[in-house]
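J.:
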Amino acid sequence: MQAKLRIGLAEQTLLAALGQAAVYSEKHSTPPPNIQSPLEEAVKIVKQAYSVLPVYDKIVPALLSDGVWNLPNTCSFTLGVPVGPMLAKPTKGVSEIVQKFQNTEYTCEFKYDGERAQIHYLEDGSVEIYSRNAERNTGKFPDVVAAVSRLKKSSVGSFVLDCELVAYDREKQKILPFQVLSTRARKNVVMSDIKVNVCIYAFDMLYLNGRPLIQEELKVRRECLYESFEEEAGFFKFASAITSNDIDEIQKFLDAAVDGSCEGLIIKTMNKDATYEPSKRSLNWLKLKKDYMDSIGDSLDLVPIAAFHGRGKRTGVYGAFLLACYDNNNEEYQSICKIGTGFSEAVLEERSASLRSKVIPKPKSYYRYAETITPDVWFEPTEVWEVKAADLTISPVHRAAIGIIDPDKGISLRFPRLVRVREDKTPEQASSSEQVAEMYSSQSHNQSNNQDDNEDD
DNA sequence: GTTGTCTGCCCC
DNA sequence: ATTCTGC
DNA sequence: GCAGAATGGGCAGACAAC
């Protein structure tokens, strides 16, 4: 049994406890008047302080020496220490956005498919780059360090930049897929060894020339951003943005984003509730991707052919399933992905019960999958599930459409989740290998997709 | 040296 | 990453 | 509405096995 007692999982709970403890042991000052619930207020203060300075070695001593009520003064944003990146909430369509933000000025930006980065530039010219999870990435991106140092304007002596690092082909002047970005080396990278270039797509500024901007409105922060850097193709660009509240215009912008190899849009208010909220998935930022929308985006009908026992709250039911598409030519089921999300507890219980009676001792001879995949149980092919995905990718392990796109690699799904059970389909009516290959080819990265160069007339 | 397997306060 | 659920 | 807990693909690195 490996019980990893590790702080960080129930972080919010721990911070709450810390805040309450601080109130009970408070001996420095009394809570400000006008406070209804000192306990709740203290929790807020501690959480706020931590989000801006996530260092227990600073927070706890500050609590002990100067008390909770002074914490906003004793623990504030510090250059060189990463703050939690502001997150966005999924949204189902343009109409939901227009409705939620009516009477409010808001902006839409491209959501680039790369790696989030928070770049700190200190007065002494040193640079630190942090990942979405506050990992120190500086050694992975010496090219980014050089680019920001070169492209900041001379008036800029310090800054914190929020941006997306995206793989980029500077000859063809186009964005490359996330899968290409992830092939970059991760440690002690030297400039001359870099094979995959990145372009910085900047969208926010949290600090400039000694001035914290977190509590400023986006309008102000963006102004600071635009005035602090020179753009340069293939190296540093501001995220494409429009300010509009017109449904059609936003819809067109979303299409443009997808055409431009982006995942979708991020929508942000400019003035109202427009401060930078570290780590919070508050309503302030929304994300819109095609695969969130009903009846649009890639949807496939797939057959569960195996499963894995669940853990934790999934103990006693299956926790994940291996899915396959059907290859009509070879009359075989080819693995395409595992799936473990999108099930309500009731549906998961149902499916587990139903498939438990379809367990077979060995995989069928007509199941095609990698030997490295070792499910706990195999099934007779009996059900068809509708599954949604953000993307189709060339896979090192799965076998869907093998031989069509690539001679010996199959296709898999990015972010697969269950939509519903297709009671009306038999396994042989599942998505075919040809259909999978076709869906892969028609993605915007891949060569001949654009025009209506398609079949019949 | 090569190949295989597993892990990551991983990235998405 | 996505999704669901208890509070 | 938020925090937490289930779960996905896939990469470089680390390390074990050969």
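Under UniProt numbering, the first sequence has 218 at position 218, and the numbering climbs by one with no breaks. Backbone N, C-alpha and C fix where the C-beta goes; we use that ideal spot for every residue, glycine too.
1) When the Cα atoms are used, what is the spatial distance from Pro90 to Pro416?
2) Using a 10 Å radius around the Cβ and a threshold of 16 neighbouring Cβ atoms, would you call Ser344 buried or exposed?
3) Could you tell me if Val55 is buried or exposed, where buried requires 16 or more neighbouring beta carbons within 10 angstroms of its beta carbon?
4) Val419: which of Glu428, Asn34, Leu302, Leu322 sits nearest, CA to CA?
5) Ignore the nearest five residues each way along the sequence and tell me which others in Ile360's own chain have a CB closer than 6 Å to its CB.
6) Between which two residues does the beta strand (DSSP E) containing Pro304 stretch?
7) Can you tell me whether Asn271 is buried or exposed? The criterion is at least 16 other CB atoms within 10 Å of its CB, across all chains shown.
8) Could you have a look at Phe343 and say whether DSSP puts it in helix, strand or coil?
9) Tell me which residue opens and which closes the alpha helix (DSSP H) that Tyr24 is part of.
10) How would you write the range of the beta strand (DSSP E) that Gln118 sits in, first residue to last?
11) Drop a sphere of 10 angstroms on the beta-carbon of Ile35, count the other beta-carbons inside from all chains shown, and report buried for 16 or more, exposed for fewer.
12) From the DSSP output, which residues share a beta bridge with Thr393?
13) By how many angstroms is the C-alpha of Gly316 removed from the C-alpha of Leu265?
14) Distance check for Gly260 and His445, CA to CA, integer angstroms please.
15) Within the same chain, show all residues whose beta-carbon is closer than 7 Å to that of Ser395, passing over the 5 residues directly before and after it, in chain order.
16) So what's Phe368 in DSSP terms, helix, strand or just coil?
17) Regarding Val127 and the ligand COA, is the C-beta to nearest heavy atom distance less than 7 Å?
18) Figure out for me which residue from Val220, Arg150, Thr138 has the closest Cα to the Cα of Ala185.
19) Terminal residues of the continuous alpha helix (DSSP H) containing Arg417?
20) Beta-carbon separation of Val347 and Thr372 under 8 Å?
21) Thinking C-alpha only, which one of Gln99, Ala62, Ile119 is nearest Val81?
22) Please list the terminal residues of the continuous beta strand (DSSP E) segment that includes Val198.
23) Which of the three DSSP states is assigned to Tyr112 in this structure?
24) Taking Val387 and Leu300 to be in contact with their CB atoms under 8 Å, please state how far apart those CB atoms are, rounded to whole angstroms.
25) CB-CB under 8 Å to Gln173, same chain, minus the five flanking residues each way: which ones, in chain order?
26) By how many angstroms is the C-alpha of Thr382 removed from the C-alpha of Glu223?
27) Since Gln334 sits in a beta bridge, which residues does DSSP pair it with?
28) Flag this pair as touching only if the segment 138–148 and the segment 277–285 have three or more C-beta atom pairs under 8 Å; answer yes or no.
29) With a threshold of 6 Å on Cβ separation, who are the neighbours of Asp376 within its own chain once the five nearest residues in sequence on each side are excluded?
30) Look up Glu105 in the DSSP assignment and say whether it is helix, strand or coil.
31) May I ask which residues mark the beginning and end of the beta strand (DSSP E) holding Phe178?
32) Note down, in chain order, each residue of its chain lying with its Cβ closer than 8 Å to the Cβ of Glu455, except the 5 sequence neighbours on either side.
33) Rounded to a whole number of angstroms, what is the C-alpha to C-alpha distance between Thr269 and Leu151?
34) Counting only runs of 4+ residues fully inside the segment 211–245, write out the alpha helix (DSSP H) ranges in chain order.
35) Do Trp69 and Pro32 have their C-beta atoms closer together than 8 Å?
36) Using 8 Å as the threshold, is the C-beta distance between Ala167 and Glu217 below it?
T.: The structure says:
1) Their backbone Cα atoms lie some 16 Å apart in a straight line.
2) So Ser344 counts as exposed.
3) Classification of Val55: exposed, given that the 10 Å Cβ count is below 16.
4) Closest by alpha carbon: Leu302.
5) Closer than 6 Å at Cβ, skipping near neighbours: Trp378, Glu380.
6) That run of the beta strand (DSSP E) goes 298–309.
7) Exposed: under 16 other Cβ atoms inside 10 Å.
8) DSSP, read as helix, strand or coil, puts Phe343 in coil.
9) Per DSSP, the unbroken alpha helix (DSSP H) holding Tyr24 starts and ends at 11–24.
10) For Gln118, the enclosing beta strand (DSSP E) begins and ends at 115–121.
11) Counting other Cβ atoms within 10 Å of its Cβ, Ile35 stays below 16 and is therefore classed as exposed.
12) Paired residue(s): Ser412.
13) Between Leu265 and Gly316, the C-alpha separation is close to 40 Å.
14) His445 and Gly260: Cα-Cα distance of roughly 9 Å.
15) So the qualifying residues of the chain are Lys409, Gly410, Ile411, Ser412.
16) Residue identity differs from the one stated: residue 368 is Arg in this sequence, not Phe. Secondary structure of Arg368 (DSSP, three-state): strand.
17) Only the bare structure without any ligand can be found here, which leaves the ligand COA out of the picture.
18) The residue with the shortest Cα to Cα distance from Ala185 is Thr138.
19) Looking at the DSSP string, Arg417 is not in any alpha helix (DSSP H); the run it does join, the beta strand (DSSP E), is 417–421.
20) It is not a contact, given that the beta carbons lie outside the stated cut-off.
21) For the set Gln99, Ala62, Ile119, the Cα lying nearest the Cα of Val81 is the one of Ile119.
22) Residues 198–208.
23) Correct three-state label for Tyr112: strand.
24) The Cβ separation is near 5 Å, so the contact holds.
25) Residues Ala233, Gly234 of the same chain have their beta carbon placed closer than 8 Å to that of Gln173, with the five preceding and five following residues left out of the count.
26) Whole-angstrom Cα-Cα distance: 58 Å.
27) The bridge partners DSSP lists for Gln334 are Cys325, Arg368.
28) Counting Cβ pairs under 8 Å, fewer than three are found: no touch.
29) Hits under 6 Å: Phe308, His309.
30) In the three-state DSSP reduction, Glu105 falls in the coil class, being neither helix nor strand.
31) Careful: Phe178 lies outside any beta strand (DSSP E), inside the alpha helix (DSSP H) at 178–181.
32) Note that Glu455 scores a pLDDT of 39, beneath 50, so its modelled location is shaky and nothing firm can be said.
33) Those two C-alpha atoms are separated by around 28 Å.
34) The segment 211–245 contains, as complete alpha helix (DSSP H) runs of 4+ residues, the segments 218–228 (chain order).
35) Contact: yes.
36) In this structure, the beta-carbon distance from Ala167 to Glu217 does not fall below 8 Å.
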